[in-house]
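Trainee:
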Ligand SMILES: [Ca+2]
Ligand SMILES: [Ca+2]
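Residue numbers (our numbering), protein chains in the order written: chain F, 1 to 186; chain G, 1001 to 1429; chain H, 2001 to 2429.
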C-alpha cells in the first residue's frame, strides 16, 4: 500500500566516487555554461540555488512558509549528511538528472520523491531530532515516514502550480549582460 | 544550460492580450485567439471514447444498462432517451437530438444550460421571455455549445455568473452571490447548471432551483410538496413523481471535499504548468482520466490506490442504489396490483406519497454524476431512506391487497431489455 | 541504515530500564517503575466523567438511552445490562459486576480480554483449559486489569500478540501474524480484543474470531450460517440471533484510515511531548477529547472543524441505525403476531432467517464503537442492507397474516422505558 520506503543505502563506494568525478569534470569543463546557469551555486547549500529552476518554486515557497523555513535548508534534508563523498555524489547524480529532465521539459506536473530520496530525508530528520525516545523507535521502521503525520514540512498541496510566482524571490540575473541587452533590443 | 536560462525567463513572461472580446461574444474560437492554451484544452471535450467504471466521455446509455430505469420513468420522456453526460462541446448537439424534446412546442428553458448564446439572448429578450419562448424558435439563434462566455467576463477573464437562476436561488436563501469568494466561484460557475431544477409554471416555464428550504434531499422534497409540484404521473402506480436532475452541486456540498473547501475546478480543471506558465486545464472530464494531475496534488497515494478507492466507494453506492431500485420498481407494481384489485385512489394515497418520496431520494443519488463519489456516506444514507419509504409503501399495499383477499405477492414482469420494459408500460396505459 | 537505527534504539533503551521485568509480570505498577511516563498516562484511564456526543469514558447505559435495544436482545443477558466501554483500568471490575455473568458456572473465556493475568494463566494451564475453566474459579487468580503485559514484551518493550485467538484467526485466513509490520502491530495489539468473537462449543467455549471467509459483515454471517451458530433464540419472534460484539477492527478495516495505513494507536495513542521527550500517550480514550494531538497533526484544520465533521458523520450513522432498528423491532412483533395467528414454524422460517441477518447487520454497526466514524460509508451501507432484510421479513409476515385473515398492522407496544420493554418480553415468555 505505502510507497516503498527503503533506506537510502547509498551507491556503492565505487559508484559514489566515479559519479563525483564525472559530475566534477562536467562542471569543471563547461565554464561558460557554469556562468550563465549560476552553476557555481549548485555546490553550495543556499536554497536559492534550487530555484534556479522555476520547477522548484513551489517547493521553495512551501518550505519557506512551512515549519522549517527558519530551521533547515533544502540540503539539510535532501542530501545525505553521513559523509562528504556521499553528499556530493548524491548531489551530482541528482543534479544531472534534474537538469536533464528540466532541459527536455519532461517534468511531471506533480513531483514526487524518488524512492532513494525517501530514506535520505528520513535519516536527516533524525539527524536533528534524534534525542527523543519514541522517535528513535519510529526510525527503526522503514514503512512509515515522519511526514505522513507532519504534513506541513512543505504543505498539503504539491504541484508545480501550487504556489503563486509572487512567493519566489528575485534571483540575480542569469546570463551575461550583453545577452540581456540583445534580448531587450528585440 | 542555454535552455535552462531560457526557461528561467519563461517564468517571468507576461501574458499579452491580442484582441478585445465583445461583451456577448458566443464564439469560443474567438476567445481562443487570445487564450490558445485554454481553448486547445477545451477542444478536447470533443473526445467521446474514454471510459471509466462508472463515467468517462462516451455516451453511456442509462436505460440499456439498466432497463428497470425505463419502468421508473414510465410516464416521462426519460423512459425513451437518457444518456450520461459527455463533454461540454457536445451540449448543443445533444439537446437538439434528444427524444425528450417535444414538438411543435417545447419550453425555451431547455436551452438555458446548453450554449454561450444564452446570455446574449437573455439580455436581449428578457429572462422570462427567453424561458417562455419556443425552443424550436430559439434554435435558429443558437449555434455555439457551452464555452467561455458561460463562465467568464470577456474583459477581465474573471469568473462570473451568467445564469440568473443561480443568482435568484441565492437571493431566495438570503445570500448575495456577489459576496462569493474566488474559491467559491470556482464551484459556483458549475452550479449554474449542475444542479437540480424545475420549471415553475408561473411565469411560464421559469427556471428555478428548489433551494428555498435548503439543499438537502429532505429540504427539496419538502419544498416540492409545499408547492405541490409534480413532473409526471407514473403510468404504472399513478404516483406523482418529481424527476431529480443532476444535483451535482447539492450532493457535493455534503461531502468532505466541499467541507474542506475544494472546488469542482480543483478536481475537474486542475492547474497545469507548461513552460513556466500556469494555466487551468479546460479539458473538463472525469478526473479519473487524469489522476496524477488532479488528485495527486493533494493525495500522495499512487494512481492505482486512488483509483481503487474511488471505485470501492462507487461500487458500494451502486449496490445500495440497485437495492433501493429493486424495492422501488416492485412498489410501483404493488400499487398497480392494488389499484387493479379495486382499491380507491384515497386508499392508495399514502403508498403513492411514499413512492413519490422514495423515488426522489433514489434519483437524488442516481441522477447525480460520479456514482456517489462526491459524497460517499451521504449517498448511501439517502439510498437507505429511499429504500425504507419504498418498502413501507409495499407493506401498505400488501395489507390493502389483503383486504381484497389477495395474499400472494404480485407477479413481477421480466425487465431484461428496454423493449420488454416499454411493452410493459404500454400494457398499463 | 536500518541496522544503524536499530543499534541506536538498543543503545538508548537500557539507560531507561531500571529494573528487569519478569516474563509474565501482570502488575502494571511494576512496569511503571521503568516507564513512569507511559504508566502515569495509563492510570488516567481511571477517569470516568468525560463525555462526547456518542462516546467518552462515562459508563453510558445503552439500554436506558434506547429501550428498544432491550427488545432486540430479548432472550439474551444483553437485555439486562449493557454499558458502553470505559477505560482499560476498569475492565476487570466491570466484567466482575456485569449481570451478564452466570452462576454458578460461566465460561472462563469471559476473562480472556480483561486482564494481564491471562497470558500467565494460559501459559500455565493451556489455552483450551483456560477457556473451559469456570470463570468463578479463575477470579481468584486474576487481580489486574488490562495493561502493559497485554501488548508488550517485557524484555524489549516491543509490541507482541499475547492472545492466541488472534494468531489462530490469522492462521485460518492463511496469514502469518509474525509477518506483520510495525505499523500493523500498532493496530493488531488492539485487534486481540476489539473484534467480533464467538465461543466454539468444541473444544468447550473456545474463543474464535469468525474470519474464515473474511472480515466483512457478509462474510461473517455466511460463516455463522455455515456453522449453524446461534447466540440466543429471540423471545418474541423466535429468530435465531447472533449477537455481534464490538467488531471495531473489522469495521475500521473498511475505512479510509485503514486504507491509508493509519493505525488505532495513531488516533487513540497519539504522541505526546513532555519536557522535550516524545512518547506514546497511554491514556487511551476517545480521540475527540484530545483532538489537537490526535487528529490535528495530520489534519491541519481547527479543532472545531474536526469535531463538527466527526459529529456530522456520526449523526448520519445514528439516524440510519435508528431507522433500521425501528423496522427490526417491528419485524420481531410482526413475526410474533403471525405465530400467534397460528402460522407454523416452517411457514415462518424465511422471515426469521431474514430477521437473523437483519439484526446481525444492524449490530455490526451498533456494537461497533465510535458510532460509525471508523468507516462512515460502510456503516450507512450496512444499515441499508439491514433495513432491507427487516422490511422484507415484515412483508412476508404481512402476507402470512393475511392468509389467516388478519389484514391490519399489528399493534406495537409502548417501549418508553427499560421496565416497559422488560414487561413486554415477560409477556411473551
Ligand atoms: Ca460522462
Ligand atoms: Ca466509552
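The beta carbon of each residue, even a glycine, is placed where N, CA and C say it ideally should be.
How far does the beta strand (DSSP E) with residue 1289 of chain G in it reach, from first residue to last?
Mentor: Unbroken run through residue 1289 of chain G: none, as it is neither H nor E.
Trainee: Measuring alpha carbon to alpha carbon, tell me which of G:1205, G:1306, G:1204, G:1197 ends up nearest residue 1212 of chain G.
Mentor: Ranking G:1205, G:1306, G:1204, G:1197 by Cα distance to residue 1212 of chain G puts G:1197 first.
Trainee: Would you check if the segment 1357 to 1368 of chain G and the segment 1294 to 1305 of chain G touch, i.e. whether three or more CB-CB distances between them fall below 8 Å?
Mentor: Taking 8 Å as the limit for Cβ pairs, the verdict is that the segment 1357 to 1368 of chain G does not touch the segment 1294 to 1305 of chain G.
Trainee: Using only the alpha-carbon positions, how far apart do residue 2224 of chain H and residue 1258 of chain G sit?
Mentor: So the alpha carbons of these two residues sit roughly 41 Å apart.
Trainee: Give the straight-line distance between the Cα atoms of residue 37 of chain F and residue 52 of chain F, rounded to the nearest whole angstrom.
Mentor: Model confidence at residue 37 of chain F stands at a pLDDT of 45, short of 50, so the residue's coordinates are unreliable and nothing is read from them.
Trainee: Look up residue 1208 of chain G in the DSSP assignment and give the residues it is bridged to.
Mentor: Bridge partners of residue 1208 of chain G: G:1198.
Trainee: Below 8 Å between beta carbons is the criterion; list the residues of the segment 67 to 78 of chain F that meet it against any residue of chain H, in chain order.
Mentor: Correct list: empty, as no residue qualifies.
Trainee: Please list the terminal residues of the continuous alpha helix (DSSP H) segment that includes residue 1251 of chain G.
Mentor: It spans 1248 to 1253 - the alpha helix (DSSP H) in which residue 1251 of chain G sits, taken as one unbroken run.
Trainee: Strictly under 9 Å for the Cβ-Cβ distance: is residue 108 of chain F near chain G by that measure?
Mentor: With 9 Å as the cut-off, residue 108 of chain F counts as an interface residue toward chain G.
Trainee: Could you say which of H:2216, H:2077, H:2102, H:2229 lies nearest to residue 2252 of chain H if we only look at CA atoms?
Mentor: Ranking the options by Cα distance to residue 2252 of chain H, first place goes to H:2216.
Trainee: Using the Cβ count rule (16 or more neighbours within 10 Å means buried), how would you classify residue 1118 of chain G?
Mentor: The residue in question, residue 1118 of chain G, is buried, as its Cβ has 16 or more Cβ neighbours within 10 Å.
Trainee: Is the segment 1078 to 1091 of chain G touching the segment 1044 to 1061 of chain G, taking contact as three or more C-beta pairs under 8 Å?
Mentor: Taking 8 Å as the limit for Cβ pairs, the verdict is that the segment 1044 to 1061 of chain G does touch the segment 1078 to 1091 of chain G.
Trainee: Please state whether DSSP places residue 1427 of chain G in a helix, a strand or coil.
Mentor: Here residue 1427 of chain G sits in helix by DSSP.
Trainee: Assuming residue 1109 of chain G is part of the beta strand (DSSP E), what are its boundary residues?
Mentor: It is not in any beta strand (DSSP E) - residue 1109 of chain G carries neither H nor E in the DSSP assignment.
Trainee: Taking CB distances under 9 Å as the criterion, tell me whether residue 150 of chain F reaches chain H.
Mentor: Judged by the 9 Å Cβ criterion, residue 150 of chain F is in contact with chain H.
Trainee: Is residue 1412 of chain G close to chain H? Criterion is C-beta to C-beta, closer than 9 Å.
Mentor: It does not; no Cβ of chain H falls within 9 Å.
Trainee: Just verifying my parser: in three-state terms, what is the DSSP assignment at residue 1271 of chain G?
Mentor: DSSP places residue 1271 of chain G in strand when its eight states are reduced to three.
Trainee: Please identify, using Cβ separations under 8 Å, the residues of the segment 2273 to 2305 of chain H that lie next to chain F, in order along the chain.
Mentor: Correct list: 2273, 2276, 2277, 2278, 2279, 2280, 2297, 2298, 2300.
Trainee: Who are the near neighbours of residue 74 of chain F in its chain, counting only those whose CB is closer than 6 Å to its CB and skipping five residues on each side?
Mentor: Excluding residues within five positions, the ones whose Cβ falls inside 6 Å are 47, 50.
Trainee: Give the range of the alpha helix (DSSP H) segment to which residue 2078 of chain H is assigned.
Mentor: Here residue 2078 of chain H belongs to no alpha helix (DSSP H), and DSSP marks it neither H nor E.
Trainee: Is residue 2085 of chain H a contact residue of ligand 2, with contact defined as CB to any heavy atom under 8 Å?
Mentor: Yes - ligand 2 has a heavy atom lying nearer than 8 Å to the Cβ of residue 2085 of chain H.
Trainee: In chain order, what residues of the segment 2181 to 2202 of chain H put their CB closer than 8 Å to some CB of chain F?
Mentor: The residues in question are 2181, 2182, 2183.
Trainee: Return the Cβ separation of residue 1372 of chain G and residue 1314 of chain G in integer angstroms, given the expectation that the two are a contact with Cβ distance under 8 Å.
Mentor: Yes, they are in contact, since the Cβ atoms of residue 1372 of chain G and residue 1314 of chain G sit about 6 Å apart, within 8 Å.
Trainee: With burial defined as no fewer than 16 other Cβ atoms inside 10 Å of the residue's Cβ, what is the status of residue 2367 of chain H: buried or exposed?
Mentor: Flag for residue 2367 of chain H reads buried.
Trainee: For residue 1248 of chain G, count neighbouring Cβ atoms within 10 angstroms of its own Cβ and tell me buried if that reaches 16, exposed if not.
Mentor: Looking at its Cβ environment, which holds 16 or more other Cβ atoms inside 10 Å, residue 1248 of chain G is buried.
Trainee: Once the 5 residues before and after residue 2278 of chain H are set aside, which same chain residues still bring their CB inside 6 Å of it?
Mentor: Same-chain partners within the cutoff: 2271.
Trainee: For residue 2370 of chain H, count neighbouring C-beta atoms within 10 Å of its own C-beta (all shown protein chains included) and say buried if the count is 16 or more, exposed if not.
Mentor: By the 10 Å Cβ count, residue 2370 of chain H comes out buried.
Trainee: Grab me the residues of residue 2160 of chain H's own chain with a C-beta within less than 6 Å of its C-beta, minus the 5 sequence neighbours each way, in chain order.
Mentor: If we look at residue 2160 of chain H and ignore the five residues flanking it on each side, its Cβ neighbours are 2153.
Trainee: Quick check on DSSP: helix, strand or coil for residue 1061 of chain G?
Mentor: Reduced to three states, the DSSP call for residue 1061 of chain G is strand.
Trainee: Sort H:2268, H:2097, H:2426 by Cα distance to residue 2136 of chain H and report the nearest one.
Mentor: Closest by alpha carbon: H:2097.
Trainee: By alpha-carbon positions, which one of H:2308, H:2365, H:2205, H:2268 ends up nearest to residue 2380 of chain H?
Mentor: Comparing Cα-Cα distances from residue 2380 of chain H to each of H:2308, H:2365, H:2205, H:2268, the minimum goes to H:2365.
Trainee: Would residue 1411 of chain G be called buried (16 or more neighbouring beta carbons within 10 Å of its own) or exposed?
Mentor: The residue in question, residue 1411 of chain G, is exposed, as its Cβ has fewer than 16 Cβ neighbours within 10 Å.
Trainee: Whose C-alpha, out of H:2264, H:2348, H:2235, is nearest the C-alpha of residue 2424 of chain H?
Mentor: Per the Cα distances, H:2235.
Trainee: At a cut-off of 8 Å, is residue 2058 of chain H close to ligand 2 when judged by its beta-carbon and the heavy atoms of the ligand?
Mentor: Residue 2058 of chain H Cβ: within cutoff of ligand 2.
Trainee: Thinking residue 1116 of chain G and residue 1199 of chain G are a contact (beta carbons under 8 Å), I'd like their distance in whole angstroms, please.
Mentor: Not a contact, Cβ separation roughly 22 Å.
Trainee: Are at least three pairs of beta-carbons, each pair with one atom in the segment 2308 to 2322 of chain H and one in the segment 2072 to 2082 of chain H, less than 8 Å apart?
Mentor: Taking 8 Å as the limit for Cβ pairs, the verdict is that the segment 2072 to 2082 of chain H does not touch the segment 2308 to 2322 of chain H.
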